[in-house]
Amino acid sequence: RKEVEQDPGPFNVPEGATVAFNCTYSNSASQSFFWYRQDCRKEPKLLMSVYSSGNEDGRFTAQLNRASQYISLLIRDSKLSDSATYLCVVNFGGSNYKLTFGKGTLLTVNP
Amino acid sequence: SAVISQKPSRDICQRGTSLTIQCQVDSQVTMMFWYRQQPGQSLTLIATANQGSEATYESGFVIDKFPISRPNLTFSTLTVSNMSPEDSSIYLCSVVGRLNYEQYFGPGTRLTVT
């Protein structure tokens, strides 16, 4: 069975805090990995793809550990505007592009 | 990324009726998908909309309940047939980007069945 498991949250942090989200996936043959952000009553938006070498985009750092089947997202110096649900998403391989979504972790950044 | 629009943005429907949701993309895309997001839940893939052939449905979803059309590379429709309150959800279409299998989502259609 192909599953994606995330920290259930919710996370409540003050502005400026560093927060980390963790995610595990069930299939070692998984091909592509992503973090999406979903604001309340909005569609999911791609935050970043996750590469084996790890990648950074400003305050956001994503890491992948294929051996442990583990993905992480680190947000530094969190802003009020970072408040959203963060979705861990995996493409389990093949040419079908099908994505499997974790249940999401709700982050609230407080002033 | 492609610009994706959906119609309607929301609707309230009576049980037993059907609703057709449209998804329009501003450029030609090969892969297009339909997802459902039930209240408080994450996204679940309904089907892959194939241009020129029948859609490919995921386990638990059938063509009679969710017929899909894909007449060209920029447009698709999803019909929710014979609706019941359990069909109350957000329905989203998505398209595959050009790099690394990432997908981009339409704004969604919020359906309430009474």
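In order, the protein sequence lines correspond to chains A and B.
Following this note's numbering, the numbering of the first sequence begins with 23 at its first residue and continues without gaps.
Following this note's numbering, the numbering of the second sequence begins with 940 at its first residue and continues without gaps.
We put the CB at the ideal spot given by N, CA and C, even for glycine.
Note that the structure is predicted; figures quoted are calculated from it, not measured.
Taking 8 angstroms as the Cβ-Cβ cut-off, the stretch 960-986 of chain B approaches chain A at MET970, PHE972, GLN980, SER981, LEU982, THR983 and LEU984, given in chain order. Bounds of any beta strand (DSSP E) do not take in B/VAL942, whose DSSP letter is neither H nor E. The C-beta of B/TYR1040 comes closer than 7 angstroms to at least one C-beta of chain A. B/LEU984 sits buried, since 16 or more C-beta atoms from the chains shown fall within 10 Å of its C-beta. Nearest Cα to A/ASP29 within the set A/GLY38, A/TYR47, A/PRO36 and A/GLU37: A/TYR47. No residue range can be given for A/CYS62, since it is assigned to no beta strand (DSSP E) and is classified by DSSP as neither H nor E. Short of 6 angstroms from the beta carbon of B/VAL964, and not among the five residues preceding or following it, lie these beta carbons of its own chain, in chain order: ALA941, ILE943, THR1013 and VAL1034. Chain A has no Cβ within less than 7 angstroms of the Cβ of B/PHE1000. One alpha carbon belongs to A/LEU69, the other to B/ASP1003, and they sit about 35 angstroms apart.
B/SER998 and B/PRO1010 have their alpha carbons spaced roughly 24 angstroms apart. At a beta-carbon threshold of 9 angstroms, none of the residues of chain A lie near B/PHE1005; the nearest stands roughly 16 angstroms away.
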